[in-house]
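Enquirer: In the working numbering, the protein residues as written are -4 to 689.
Think of the CB as a built atom: it goes at the ideal place given N, C-alpha and C, for glycine as much as any other residue.
The following block contains the structure, expressed as structure tokens.
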Amino acid sequence: MSLSKISPTVKEEEIAIQNQIYNSIDNYQSIIFSAGAGAGKTHSLIESLKYIIKNYGDKLEYYNQKVMCITYTNVAKNEIKERLGQSELIEVSTIHDRLWALVKNYNNKLIDIHIEKLNDELSILEFNLNENQDEKIKKEFAVFRNLSDELKHSFKNLMISQKDLFYNNYNNNAKDFKEVFRDSLEQYPNILKNVKNFKKIVNTIIKIEKYLKCIENINKKNDGYRMIKYDSKYNSDILHRMIISHDTLLEYTLSLVEKYDLFKQIIIDSYPYILIDEYQDTNNRVIQIMKYIADYAEKIGHKLFVGYFGDVAQNIYNDGVGIKISQIHSGLIKIYKKHNRRSHKEVIDVINNIRNDDIVQESIYEDCSGGSVKFYFGKNDDKQKFIEKYKKKWRISLDNKLHCLVLTNRLLAEFSGFKDVYYCFYNTEYYQNNYEQINTELISNDLSKLGSIPKFFYNIIKFKVDLENPRSFITNLIDEEIYSKLTFSELRELIRILKTLEGNSLGEYVKSIFQKYKETKNKYYKQMISKLMNLEVNSYQGFFNYLMDELFYNLKDEEYVVANEKLQNLLNVDLYQYFLWYEFVNGGYDADVNFHTYHGTKGSEFDNVIIFMENDFGIRNKNKFSNFFGNYNNIDSLDTKMRQNFDNTKNLIYVSCSRAIKNLRILYLDDISDFSKGVEAIFGEFKEFKTSSV
DNA sequence: ACCCTATTGATTTTT
DNA sequence: TCAATAGGGT
């Protein structure tokens, strides 16, 4: 068994590094702790928290103070809470939750900031509408600007009064849209020549109106305008309804921290220890907030410790602060940890080459060899063969799984075997109009993130799986409320009825459920189905209509046939595909090969990893990976923009490759001859993958 | 042949 | 939301 022996000297080194952190805590010297993938960062963070409680817990309790531990994601928050165990003195939460908890007590100040924000936004809108000379914007607003002042005024009023008409027809095709406004806009020359520009103009006008009204309402202290609300579920601000979203919460908090010394002091005196997990992913405003607080603590001579834990090379999100942290928060004590507790030597060597900076990891284990890394290039069609080869070679089973990383959710759906489910959902009006939603609402390992219809389908599949799985408990299947009322023979009868349900597609299965519903007199069955379907109408037609309403709203008569067909397709997909999707949502526990996106693997580790890579990352990021390898040997010649792209790609490859504990293979699906030097520099050598040799 | 407009289809992830 | 491409008019 490898990866088990740690030499005493290395163990001491590791302890010495942890002691450096403790020492900084003792002296209230803020730190930035940097360690590569698999170094045990979270472990260090948790040990530090325990250290604070052990040594300063009494003092904290006496002064009614707490330790603030903030994470970027809820997943990280839960992991830390679980590993740390119960502690009254430590508040673990996501950054946004913590900031909102602090900030919401300052509602009056927030309202002032909100009015400022509305005014700022208003001047931007007015500027674009009337003055902005930027070529693109000038063109978009030209037809409006060409109107006389009088016409501008009347046009604004007209559109504000016809707001509903405007939005109701918003998704019409251009011809129909023009038809709606043809007569009422005759006196405004060319205003509706280009629908896109027209929409832009009218949207701007309506927004200005809304913001002005909002300010008026705030000043009059009208109902609904006396409080700022933070909505963590929704991704953008609705400023005119007093609702702010994630980024604006950070913006407002930063303003408060900037302006009000008392606010800073309250934070400092309530939380003398602030620890930040995965700092590289947080928005730079968070670091600015911390810097303001730290500076003020020093000014007034109050003790404060700020600890950043993270790794700049694992910053893969655009708005993460990454390497810029040192510019924003200067004067931090740097602590590095070079040990790797995760991977075999062969993997560590490669990931060191990828990051190529001052963190050069060494395995903490003496017995760290025995892994293997190889880089292949091959054809796009060879992916399945490649997987097959390593399934055999590595003896893949449920106990020794293979994890494949792909770039897009679309590929992930295809490989995982629910391609048609993905495409049929993709083709619905709802997901066409909210195209980015499909990836969160359908392709998620987190049940709470599923969209309403995917969740509904999930429940139906779960019902079927629980029913057919001999290992599952009756109580899983039958609701407690119903189960408790049943006699033994009633239960047997209910199960007999349930077992008669059948169908090859989701549609057929649901049809069978409702057919039985109509036929049977068994009230328990009816209760169960009512509960499962949660629909007003207990019929297949009711089910169908419900889906139609949710997925294809706002239909015009002539669109009905196509929509009907699309929904039919969604229901015609083989039940097995839905089953595979269900398995995926559950985390793929029952599959020996699991698929992930590169980004989605952050924090995980797997024994066997295959990464499929190619030149492009979608249509907007042409040559992302080929440029990385091509530029690897001459990064100094890159301009700022190119360098940013390079680092971003580097980090993504670093995160992906560093998931591997033992075996790592890359299959590159394009020609690599133009940048093979870069590949060699990282992976040593490369080979062609020939299917004939399998 | 050219220009402007409409339609189409898409990269990932978190709060 | 936005870039690429298809389409339509001159």
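(1) From D377 to T686, what distance separates their C-alpha atoms?
(2) In whole angstroms, what separates the C-alpha of E111 from that of N395?
(3) Which runs of the beta strand (DSSP E) fall wholly inside the stretch 637 to 675 and span at least 3 residues, in chain order?
(4) Are the CB atoms of H339 and I359 within a distance shorter than 8 Å?
(5) Which of the three DSSP states, helix, strand or coil, is assigned to S19?
(6) Assign L400 to one of three DSSP states: helix, strand, or coil.
(7) Could you tell me the alpha carbon to alpha carbon distance between A34 and R236, rounded to whole angstroms?
(8) Check each candidate in D441, I661 and A676 and name the one with the smallest Cα separation from E609.
(9) Closest by CA to Y331, which one among N14, R221, I155 and K387?
(10) On a CA-only basis, which of Q510, F579 and K369 is nearest D441? Give me that one, please.
(11) How do the stretch 88 to 104 and the stretch 117 to 124 stand: do at least 3 beta-carbon pairs fall below 8 Å, yes or no?
(12) I'd like the list of long-range same chain contacts for F258, defined as Cβ closer than 7 Å, with 5 residues on each side in sequence excluded.
(13) Pairing CB atoms from the stretch 536 to 548 with CB atoms from the stretch 556 to 563, are three or more of them under 8 Å?
(14) DSSP three-state call for G412: helix, strand or coil?
(15) Applying the criterion that 16 or more other CB atoms from any shown protein chain within 10 Å of the CB defines a buried residue, is F372 buried or exposed?
(16) Can you check DSSP and say which residues form a bridge with V588?
(17) Roughly how many angstroms lie between the CA atoms of I524 and D569, to the nearest whole one?
(18) Please name the residue or residues paired with M63 in a DSSP beta bridge.
(19) Does DSSP put I524 in a helix, a strand or coil?
(20) Among the candidates I20, I323 and E361, whose CA atom is the shortest distance from the CA of R336?
(21) Hey, which unbroken runs of the alpha helix (DSSP H) at 4 residues or more fall wholly within the stretch 125 to 203?
(22) Among residues of its own chain, excluding the 5 on either side of I328, which ones have a beta-carbon nearer than 6 Å to its beta-carbon?
(23) Quick one: what's got a C-beta closer than 7 Å to N404's C-beta in the same chain, skipping five residues either side?
(24) Which ranges would you report for the alpha helix (DSSP H) in the stretch 420 to 455 if only whole runs of at least 4 residues count?
(25) Going by Cα to Cα distance, which pick from F601, K72, Q128 and Y571 is closest to L393?
(26) Compute the distance between the beta-carbons of L244 and Q283, then report whether it is under 8 Å.
(27) Does DSSP put K682 in a helix, in a strand, or in coil?
(28) Hey, how far is the Cα of F161 from the Cα of K619?
(29) In its own chain, which residues sit with a C-beta less than 7 Å from the C-beta of L113, not counting the 5 before and 5 after it?
(30) Can you check which of these residues, N589, Q536 and M154, is closest to L566 by C-alpha distance?
(31) Return the residue from the list K480, L493 and F139 that minimises the CA-CA distance to N464.
(32) So if DSSP puts S358 in a beta bridge, which residue, or which two residues, is it bridged to?
(33) For the beta strand (DSSP E) containing V368, list its first residue and its last residue.
(34) What are the boundary residues of the beta strand (DSSP E) that includes F579?
(35) Which residues in the same chain have their Cβ closer than 7 Å to the Cβ of V281, if we skip the five residues on either side of it in sequence?
(36) Can you tell which of L84, A11 and G366 has the C-alpha that lies nearest to the C-alpha of L(-2)?
Expert: In brief:
(1) 7 Å
(2) 57 Å
(3) 655 to 663
(4) no
(5) helix
(6) strand
(7) 46 Å
(8) I661
(9) N14
(10) F579
(11) no
(12) Y101, L251 and V252
(13) Because the criterion of three Cβ pairs below 8 Å is met, the stretch 536 to 548 and the stretch 556 to 563 touch.
(14) coil
(15) buried
(16) DSSP, once it has assigned bridges, lists L397 as partnering V588.
(17) 22 Å
(18) E86 and I269
(19) helix
(20) The residue with the shortest Cα to Cα distance from R336 is E361.
(21) Runs found: 130 to 140, 144 to 156, 158 to 163 and 169 to 176.
(22) S19, Q24 and I26
(23) N434, I438 and T592
(24) 424 to 428 and 432 to 436
(25) F601
(26) no
(27) Correct three-state label for K682: strand.
(28) 41 Å
(29) Y206, C209, I210 and L234
(30) In terms of Cα proximity to L566, the closest of N589, Q536 and M154 is Q536.
(31) L493
(32) DSSP output for S358 lists N335 as bridge partner(s).
(33) S367 to F372
(34) No beta strand (DSSP E) holds F579; the alpha helix (DSSP H) holding it covers L570 to V580.
(35) Closer than 7 Å at Cβ, skipping near neighbours: I90 and L245.
(36) The closest CA to that of L(-2), considering only L84, A11 and G366, is found on G366.
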